[in-house]
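Worksheet: one structure, shown below.
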């Protein structure tokens with residue numbers, strides 16, 4: 001089997017290149033070499049969370065690996081058969097546990113048996129899909145494709161302390177059934193949650209008050225929560241449930257950012273999404289692309305393979321993923337922007 005060569009400096013040149021390449025190598029069984037890892041980042045090479053994702057991928061498919069060290073800028077990954085089972089992976093810092101899951105979950109979705117994962121690290125991290133997005137937005141779409149995936153948050157982990165813990169149970173399907181997501185349908189429910197850990201609850205209340213005033217949402221759909229975590233943390237997220245999809249937008253409290261500013265960041269995302277009149281937001285598009293690509297590459301059957309969706313402009317993450325798909329999978333990905341250039345339709349199909 002030929003070895004795939006990935007240039008990690010292409011496109012956005014970050015960790016997404018590594019995670020997508022690992023996921024595809026695991027699923028397809030194709031060995032790969034990736035060079036110039038995270039070349040466009042200030043601290044290039046493998047960081048702790050990337051190394052954990054690599055080690056997790058290697059363990060699940062008994063891969064032979066060269067270059068698995070902190071700071072490594074190249075690696076060789078030769079996968080073998082995917083082994084479902086019980087696994088425990090810890091990032092050891094506030095590095096994202098959800099990004100580790102993003103790397104290994106695709107291979108487990110069509111494995112030969114169920115799996116149970118314990119993941120420790122950051123669960124509410126500004127540079128990764130946060131746990132609420134995973135639970136409310138991403139996993140329901142995974143389950144639409146056939147597998148059953150249940151996630152439970154045992155303990156949140158905020159940046160910089162980390163220390164979060166989540167359980168993920170995967171009941172696989174024979175293949176991933178594709179779907180189309182071209183319209184979101186009527187908005188059925190809108191709500192917001194502001195969480196604080198080891199900080200004054202008044203921060204969450206001020207954030208919610210700003211969001212309510214800006215979006216005109218009633219007080220009874222906005223909730224403040226105090227949670228226990230290893231360190232201080234604050235997030236506010238707004239959920240929009242529509243007929244065909246749920247979307248979630250999040251803002252992270254941090255030093256130097258007022259409660260008003262954090263809330264305004266969420267408000268801006270919500271308003272942009274609603275104005276665009278598309279079902280899929282930019283970060284969900286990043287996640288959805290890989291799922292539909294794997295569906296399109298699956299064995300022919302009576303079920304739909306691949307699919308299409310409408311979204312706003314593609315992120316650099318999405319554009320980088322599309323380039324990697326062409327190296328691993330026999331699929332086509334067509335992106336058609338509307339005349340305004342503000343929204344597009346992405347069509348992922350078998351070749």
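In UniProt numbering, the protein residues as written are 1 to 351. Ideal Cβ positions, reconstructed from N, Cα and C, are used throughout, including at glycine.
query: By Cβ distance below 6 Å, which residues in the same chain neighbour residue 81 in space, the five residues on each side in sequence not counted?; result: none
query: With DSSP as the reference, please indicate the residues paired to residue 349 in a beta bridge.; result: 332
query: DSSP on residue 1, reduced to helix/strand/coil?; result: coil
query: Which residues in the same chain as residue 361 place their Cβ atom closer than 6 Å to its Cβ, once the five residues preceding and following it in sequence are excluded?; result: An answer regarding residue 361 cannot be provided, because it is not within the stretch 1 to 351 covered by the chain.
query: In this structure, how does DSSP classify residue 145 when only helix, strand and coil are distinguished?; result: coil
query: Given a cut-off of 8 Å, decide if residue 48 and residue 13 are closer than it, judged by their beta-carbon atoms.; result: no
query: If you compare alpha carbons, which of 245, 256, 215 and 217 is closest to residue 184?; result: 245
query: Start and end of the alpha helix (DSSP H) containing residue 265?; result: 259-276
query: When DSSP builds the beta bridges, which residues end up paired with residue 177?; result: Answer is none; residue 177 lacks a bridge partner.
query: Going by the CB atoms, is the gap between residue 164 and residue 120 shorter than 8 Å?; result: yes
query: Would you list the one or two residues that DSSP bridges to residue 58?; result: Answer is none; residue 58 lacks a bridge partner.
query: Given a threshold of 16 other Cβ atoms within 10 Å of its Cβ, counted over all protein chains shown, does residue 277 qualify as buried or as exposed?; result: exposed
query: For residue 233, count neighbouring C-beta atoms within 10 Å of its own C-beta (all shown protein chains included) and say buried if the count is 16 or more, exposed if not.; result: buried
query: Near residue 323, what residues of its chain come up, given a Cβ to Cβ distance below 8 Å and the 5 sequence neighbours on each side ignored?; result: 10 and 11
query: Please report the straight-line C-alpha distance between residue 239 and residue 190, rounded to a whole angstrom.; result: 6 Å
query: In its own chain, which residues sit with a C-beta less than 7 Å from the C-beta of residue 7, not counting the 5 before and 5 after it?; result: 35 and 36
query: Restricting to runs no shorter than 3 residues, where is the beta strand (DSSP E) found entirely within the stretch 95-132?; result: 115-121
query: For the alpha helix (DSSP H) containing residue 190, name the first residue and the last one.; result: Here residue 190 belongs to no alpha helix (DSSP H); instead the beta strand (DSSP E) covers 187-197.
query: Could you name each continuous beta strand (DSSP E) segment of 3 residues or more that falls completely within the stretch 151-175, going from the start of the chain to the end?; result: 164-171
query: Residue 312 to residue 250, Cα distance in whole Å?; result: 17 Å
query: Taking the straight line between their C-alpha atoms, what separation do you get for residue 149 and residue 204?; result: 30 Å
query: For the alpha helix (DSSP H) that contains residue 301, what are its first and last residues?; result: Element bounds for residue 301: n/a, residue is neither H nor E.
query: Tell me which residue opens and which closes the beta strand (DSSP E) that residue 248 is part of.; result: 246-252
query: In its own chain, which residues sit with a C-beta less than 7 Å from the C-beta of residue 154, not counting the 5 before and 5 after it?; result: 165, 166 and 167
query: On a CA-only basis, which of 102, 209 and 117 is nearest residue 262? Give me that one, please.; result: 209
query: Taking residue 315 as the reference, which of 284, 186 and 330 has the closest Cα?; result: 284
query: Inspect the beta-carbon positions of residue 31 and residue 108 and report whether they are closer than 8 Å.; result: no
query: Please determine if the stretch 253-269 and the stretch 292-299 are in contact, where contact requires at least 3 C-beta pairs separated by less than 8 Å.; result: no
query: The alpha helix (DSSP H) spanning residue 64 covers which residue range?; result: From DSSP, residue 64 is part of no alpha helix (DSSP H) but of the beta strand (DSSP E) over 64-66.
query: If distances are taken between C-alpha atoms only, which option among 177, 59 and 44 comes closest to residue 22?; result: 59
query: Roughly how far, in whole angstroms, is the beta-carbon of residue 24 from the beta-carbon of residue 50, given that I think they are within contact range, below 8 Å?; result: At roughly 16 Å, the Cβ-Cβ gap does not stay under 8 Å, so residue 24 and residue 50 are not in contact.
query: Where residue 105 and residue 199 are concerned, what is the direct C-alpha to C-alpha distance, given to the nearest angstrom?; result: 33 Å
query: What is the DSSP secondary structure of residue 90, counted as helix, strand or coil?; result: strand
query: Here's the rule I'm using: 16 or more other beta-carbon atoms within 10 Å means buried, otherwise exposed. How should residue 320 be labelled?; result: buried
query: Since residue 170 and residue 140 are thought to touch, with beta carbons under 8 Å apart, how far apart are those beta carbons, to the nearest angstrom?; result: Not quite, the Cβ-Cβ distance comes to about 15 Å (not below 8 Å), so this is no contact.
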